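Protein chains: 2
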Amino acid sequence: MGKEDVGITISKNDDFSEWYTQVVLKAKLADYAPIKGLIVLRPDGYSIWESLRNTFDKKFAKNGIRNGFLPILIPESLLGKEQKHFAGFNPEVFWVTHSGTNEVGDRLALRPTSETLAYTLYSKWIQSWRDLPLKINFWNTALRAEIKATKPFLRTSEFLWQEGHTVHITQKEAEEEVMKILDIYEKTVEEELAIPVITGKKSEKEKFVGAVYTTTMESIMPDGKALQMGTSHFLGQNFSKPFEVKFADKDNVEHFAWQTSWGVSWRLIGAMIMTHGDDRGLVLPPKVAPIQVVIVPIYRNDEGKDIVLSKVEEIRNELESKEIRVYVDNREGLSPGYKFNDWELKGIPLRIEIGPKDIEKQSIVVAKRYNLEKVSLSFTEIDKISIILDEIQIEMLRKAKEQAENNTLNISDYSEFKAKIEKGGFFNSPWCGKLECEERIKEETGAEIRVIPFGNENTNKKCVYCQKQSVSVPIFARGY
Amino acid sequence: MGKEDVGITISKNDDFSEWYTQVVLKAKLADYAPIKGLIVLRPDGYSIWESLRNTFDKKFAKNGIRNGFLPILIPESLLGKEQKHFAGFNPEVFWVTHSGTNEVGDRLALRPTSETLAYTLYSKWIQSWRDLPLKINFWNTALRAEIKATKPFLRTSEFLWQEGHTVHITQKEAEEEVMKILDIYEKTVEEELAIPVITGKKSEKEKFVGAVYTTTMESIMPDGKALQMGTSHFLGQNFSKPFEVKFADKDNVEHFAWQTSWGVSWRLIGAMIMTHGDDRGLVLPPKVAPIQVVIVPIYRNDEGKDIVLSKVEEIRNELESKEIRVYVDNREGLSPGYKFNDWELKGIPLRIEIGPKDIEKQSIVVAKRYNLEKVSLSFTEIDKISIILDEIQIEMLRKAKEQAENNTLNISDYSEFKAKIEKGGFFNSPWCGKLECEERIKEETGAEIRVIPFGNENTNKKCVYCQKQSVSVPIFARGY
Chain A
126 MGKEDVGITI SKNDDFSEWY TQVVLKAKLA DYAPIKGLIV LRPDGYSIWE SLRNTFDKKF
186 AKNGIRNGFL PILIPESLLG KEQKHFAGFN PEVFWVTHSG TNEVGDRLAL RPTSETLAYT
246 LYSKWIQSWR DLPLKINFWN TALRAEIKAT KPFLRTSEFL WQEGHTVHIT QKEAEEEVMK
306 ILDIYEKTVE EELAIPVITG KKSEKEKFVG AVYTTTMESI MPDGKALQMG TSHFLGQNFS
366 KPFEVKFADK DNVEHFAWQT SWGVSWRLIG AMIMTHGDDR GLVLPPKVAP IQVVIVPIYR
426 NDEGKDIVLS KVEEIRNELE SKEIRVYVDN REGLSPGYKF NDWELKGIPL RIEIGPKDIE
486 KQSIVVAKRY NLEKVSLSFT EIDKISIILD EIQIEMLRKA KEQAENNTLN ISDYSEFKAK
546 IEKGGFFNSP WCGKLECEER IKEETGAEIR VIPFGNENTN KKCVYCQKQS VSVPIFARGY
Chain B
126 MGKEDVGITI SKNDDFSEWY TQVVLKAKLA DYAPIKGLIV LRPDGYSIWE SLRNTFDKKF
186 AKNGIRNGFL PILIPESLLG KEQKHFAGFN PEVFWVTHSG TNEVGDRLAL RPTSETLAYT
246 LYSKWIQSWR DLPLKINFWN TALRAEIKAT KPFLRTSEFL WQEGHTVHIT QKEAEEEVMK
306 ILDIYEKTVE EELAIPVITG KKSEKEKFVG AVYTTTMESI MPDGKALQMG TSHFLGQNFS
366 KPFEVKFADK DNVEHFAWQT SWGVSWRLIG AMIMTHGDDR GLVLPPKVAP IQVVIVPIYR
426 NDEGKDIVLS KVEEIRNELE SKEIRVYVDN REGLSPGYKF NDWELKGIPL RIEIGPKDIE
486 KQSIVVAKRY NLEKVSLSFT EIDKISIILD EIQIEMLRKA KEQAENNTLN ISDYSEFKAK
546 IEKGGFFNSP WCGKLECEER IKEETGAEIR VIPFGNENTN KKCVYCQKQS VSVPIFARGY
């Protein structure tokens, strides 16, 4: 690979899709597997997922949710037990038909989602009110055969995710759980990944197959397309009835339980790349960066080297004592310029440069990745690094919010809708609530209802399509 | 379920296999999935796996190993690239033939292990000496169709494990890596799970298909059967050649790299259950117990309740401030006796009982699960709890070592070998090194070479089977 191929060779504005793929591959987050539709995560990509997992695990635990494990194989007969659910997933299921040279009896599905498997078990595990609430989360993968072109983190046939499944005595408690989870999702995405989201409900057409309703968080990407960032479903008794998830209450009367399910996937990593990246490559929010600060020592001779390296070690120790993740780039035979480009491509939030002149001036140069600004810090100000990292995290969210707002329009007129949809964006447009209008808009513009934001229900305007009275102002957008 | 069914209804000595299954199910570690050969982990079981994963992750990270993600599907053509390897796994592979209603072209294997997939990628990722060593670990599951009866954690068609895959410039460095990993495995199993292991090499017959040699750690279970606890393989260039894992050295000359692979699975949890459990159920080593101390408040009226509960909260806070994992069993309508049995079944290391009489005496009763001993601690001695937990951890390993030693015999005479093998055990028996003797012994006794312990090579004795000069003293045993 020639040096000219190392960096990103296309501008984010010129070809967003190609830019995205280059960033994913060249920043070594992921790579294509030798099978269509599948990708592999390299350590720098997987560590972002590990960071998110740790944050979610802490928040889930505080909410009384524990983790479990489910196998990947689900018999066809079981998957078919809730019929709408089955019909929704059936076309994209991978089927196992043989083990060794033997045919398996009932075909085995690779899990597209685990409701049917989990609830078969829950119905065994739950006998009385004492066993409730039951709240279990599963970190695993789901498999859905994708026929469209593969896009790392966004469109793959196997993806990492978590799926939570809870069971409650009352409808009220289950519905509260749906909202608690959505809140955990929203806060985590905003605080850790610095991505603003809009929360609300999916329309009937777009809800999870089998749910009573689906709550969602959606984000607008810089190319004007919407990305579903996570969903939390109220299942009502739709699954507890066919799967017989029942409990005896204190009076020994049996009831069907109330259920929820919810999940986020590695799409969140895709959203992070798209939202923050630039023409030099990836830009990582400090909280999820595997390395937060990279130190590049600069020297020309052995004498200079010793002085520089001893100061570098001092700074490294000071930063590590504050639990900052530091890496010293000591690689020999590579120029400082090459190293700068390399770490910019990888999106490391802060780069410290330190050479003989800096030693003379008793200061270091600190380069911020997200806005490419450089500041000088004296040796006595090293403790400011952690504050700078916190500021970067906040600034990245602010910048992303601005970007999202610029991509959001209030549109009540359908000809304006059609004219502007090519450029993308979130359109706040009144809707009468009828499936027909929703479908027509989708057919004619490619835009769908991404979310009906909380607070945008019960509006009294005119449907952007049929001009009849609106029941809500959903966000319409073309999606990933 | 009647109360009489709650506890373990069979003695560990009377029917070890049935006892084991009861403990797994009734302590709610795992359950059978609705498909033959597969199990599900409930939170109490999965948390032990999470604890092990966290410990291994820390040790791997210190050794420069990072985590990644590989998809579960491997095309048949790729799996067949190293032929011995393929022949070894082929009979137990699950095959995907369809996605939706479409036939897939090349059949897709559910990963039985990931060497072939990982090394296809490694050959892309590695160009020069700068890219080495490359050390990546994958926490995932492997699938191997089991035709024998399912046994949770020990014999299942899908199992949780980690598989590490490293690439090195020199043979020496790769062989050192094999040993470093085996050392991490050994220390973790002894220190966390309190299970003694014996380390050494597998015989040619028993090594990993495709490896140059396999190092292993083996344990003897209370029923006299051996359990393989983890393996670390030196792959030499057996995979780097067919998969073209090559690097250019500093002089720009290309070389095939040297490789290792290694793994432990949830079998470790099975070993823990078998080694420490007793007729009352599970016995958890404190380090991996999801709850280390359970507090059972005892009271008869509301007045007593307030006094007891306020003391309980005080103790809980003191223990939690020392990062001890505490649970207060406040469940109403259940007797203290019922609760004691319940927590004993679940193997919680320490139980604190506290009632009005204890308040009067200013002391608590502390019951140790592993030896059922009770001690009294005054309110001023609560800080001793963490010392007691440490002692239990050490004592459990000591007791397990004693158990293992009692199950280990030096046997040089083949008629003694045959007479005693029915009772099981580790037999230190000299061996001439010939496959024929190894196979005959297996056929005639069911015992196989589990491990040739380090230090037991180059012996000058007589083969237990053919009486010719021995080359080593392996451990023979019947295995799981």
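These protein sequence lines map, in sequence, to chains A and B.
Residues in the first sequence are numbered consecutively from 126, following my numbering.
Residues in the second sequence are numbered consecutively from 126, following my numbering.
In this text, a Cβ means the ideal position worked out from N, Cα and C, and glycines have one as well.
Note that this is a predicted model, so its numbers are computed, not measured.
Item to check | CB contact check: B:Gly225 to chain A, cutoff 8 Å | outcome: When Cβ-Cβ separations below 8 Å define contact, B:Gly225 makes contact with chain A.
Checklist entry - Where does A:Met354 fall in DSSP's three states? => result A:Met354 falls in the strand class under three-state DSSP.
Checklist entry - Taking just the CA atoms, how far does B:Phe211 sit from B:Glu443? => result When rounded, the distance between both Cα atoms is 56 Å.
Checklist entry - Looking at A:Val165 and B:Gly193, is the spacing between their C-beta atoms short of 8 Å? => result Between B:Gly193 and A:Val165, the CB-CB gap stays under 8 Å.
Item to check | Pair within 8 Å by beta-carbon distance, B:Ile574 and B:Glu563 | outcome: With contacts defined by Cβ atoms closer than 8 Å, B:Ile574 and B:Glu563 form a contacting pair.
Next on the checklist: What does the alpha-carbon distance come out to for the pair B:Ser142 and B:Glu329?
Outcome noted: Distance between the alpha carbons of B:Ser142 and B:Glu329 is about 30 Å.
Checklist entry - How is A:Lys393 classed by DSSP in three states: helix, strand or coil? => result The residue asked about is misnamed: residue 393 of chain A is Leu in this sequence, not Lys. Correct three-state label for A:Leu393: helix.
Next on the checklist: Does chain B have any CB closer than 8 Å to the CB of A:Asn280?
Outcome noted: Checking the sequence shown, residue 280 of chain A turns out to be Arg, not Asn. Chain B contact via Cβ: absent.
Checklist entry - Is B:Asp256 close to chain A, meaning its C-beta is less than 8 Å from at least one C-beta of that chain? => result It does not; no Cβ of chain A falls within 8 Å.
Item to check | Three-state secondary structure assigned by DSSP to A:Asn587 | outcome: A small fix is needed here, since residue 587 of chain A is Lys in this sequence, not Asn. In this structure, A:Lys587 counts as strand in the three-state DSSP scheme.
Item to check | Three-state secondary structure (DSSP) of A:Val490 | outcome: Assigned with DSSP and collapsed to three states, A:Val490 falls in strand.
Checklist entry - What's the call for A:Phe601, buried or exposed, on a 16-neighbour Cβ count within 10 Å? => result Buried: at least 16 other Cβ atoms inside 10 Å.
Item to check | Residue nearest to A:Phe364 in terms of C-alpha spacing, selected from A:Lys486, A:Ala414, A:Glu207 and A:Ser503 | outcome: Distances from the alpha-carbon of A:Phe364 to those of A:Lys486, A:Ala414, A:Glu207 and A:Ser503 put A:Glu207 closest.
Item to check | Three-state secondary structure (DSSP) of A:Leu514 | outcome: Correct three-state label for A:Leu514: helix.
Next on the checklist: Strictly under 8 Å for the Cβ-Cβ distance: is A:Leu203 near chain B by that measure?
Outcome noted: Closer than 8 Å to some Cβ of chain B, the Cβ of A:Leu203 qualifies, so yes.
Checklist entry - Would you call the CB atoms of B:Pro555 and B:Val576 closer than 8 Å? => result No. Outside cutoff.
Checklist entry - Helix, strand or coil: which one does DSSP assign to A:Phe211? => result If DSSP states are grouped into helix, strand and coil, A:Phe211 belongs with the helices.
Checklist entry - Taking the alpha carbon of A:Leu235 as the point to measure from, which residue in B:Phe219, B:Asp231, B:Trp250 and B:Lys249 has its own alpha carbon closest? => result Here the closest residue by C-alpha is B:Phe219.
Checklist entry - Helix, strand or coil for A:Phe646 per DSSP? => result Outside the shown range of chain A (126 to 605) lies residue 646 of chain A, about which nothing can therefore be said.
Next on the checklist: Based on DSSP bridge pairs, tell me the residues matched to B:Pro422.
Outcome noted: B:Ile479.
Item to check | Backbone CA spacing between B:Lys355 and A:Asn377 [nearest angstrom] | outcome: The sequence as given places Gly at residue 355 of chain B; Lys does not occur at that position. Approximately 48 Å between the Cα atoms of the pair.
Checklist entry - Taking the DSSP output, what are the residues bridged to A:Thr505? => result A:Thr505 has no beta-bridge partner at all, per DSSP.
Next on the checklist: Three or more C-beta pairs under 8 Å: does that hold for the segment 293 to 305 of chain A against the segment 244 to 263 of chain A?
Outcome noted: Contact holds between the segment 293 to 305 of chain A and the segment 244 to 263 of chain A, because three or more Cβ pairs, one in each stretch, are under 8 Å apart.
Checklist entry - According to DSSP, which residues form a beta bridge with A:Gln594? => result DSSP, once it has assigned bridges, lists A:Lys587 as partnering A:Gln594.
Next on the checklist: With DSSP as the reference, identify every bridge partner of B:Tyr452, one or two as the case may be.
Outcome noted: B:Val419.
Item to check | Within chain A, partners of B:Leu163 - CB distance below 8 Å | outcome: Close to B:Leu163, with beta-carbon spacing below 8 Å, are these residues of chain A in chain order: Pro196 and Leu198.
Item to check | Inter-residue spacing [alpha-carbon to alpha-carbon] between B:Glu283 and B:Pro196 | outcome: Whole-angstrom Cα-Cα distance: 15 Å.
Checklist entry - Which partner residues of B:Gln287 appear in the DSSP bridge assignment? => result As a beta-bridge residue in DSSP terms, B:Gln287 pairs with B:Trp264 and B:Val389.
Checklist entry - Nearest CA to the CA of B:Asn188: which residue from B:Asp308, B:Leu163 and B:Glu520? => result Minimum Cα distance to B:Asn188 is reached at B:Asp308.
Checklist entry - Sorted by chain position, which residues of the same chain lie with C-beta nearer than 7 Å to B:Pro570's C-beta, five sequence neighbours on each side aside? => result The identity of residue 570 of chain B in the sequence shown is Thr, whereas the question assumes Pro. Closer than 7 Å at the Cβ level, and outside the excluded window around B:Thr570, lie Phe542, Lys543 and Ile546.
Next on the checklist: Could you check whether the segment 336 to 353 of chain A touches the segment 520 to 538 of chain A, counting it as contact only if at least three pairs of C-beta atoms, one from each stretch, sit closer than 8 Å?
Outcome noted: Judged by Cβ distances under 8 Å, the segment 336 to 353 of chain A makes contact with the segment 520 to 538 of chain A, as three or more pairs qualify.
Checklist entry - What are the boundary residues of the alpha helix (DSSP H) that B:Gly225 is part of? => result Careful: B:Gly225 lies outside any alpha helix (DSSP H) and carries neither H nor E.
Next on the checklist: Using only the alpha-carbon positions, how far apart do B:Thr339 and B:Phe333 sit?
Outcome noted: One C-alpha to the other measures close to 6 Å.
Next on the checklist: Which residue wins for smallest C-alpha separation from A:Thr226, given the options B:Asn535, B:Phe381, B:Ser390 and B:Ala270?
Outcome noted: If we check each option's Cα against that of A:Thr226, B:Ala270 comes out closest.
Checklist entry - Based on Cα-Cα distance, which residue from A:Asp403, A:Pro159, A:Asn553 and A:Arg565 lies nearest to B:Ser248? => result B:Ser248 has its Cα closest to that of A:Pro159, out of A:Asp403, A:Pro159, A:Asn553 and A:Arg565.
Next on the checklist: Could you tell me the alpha carbon to alpha carbon distance between A:Glu453 and A:Glu516, rounded to whole angstroms?
Outcome noted: Note on residue identity: the sequence assigns Val, not Glu, to residue 453 of chain A. About 23 Å.
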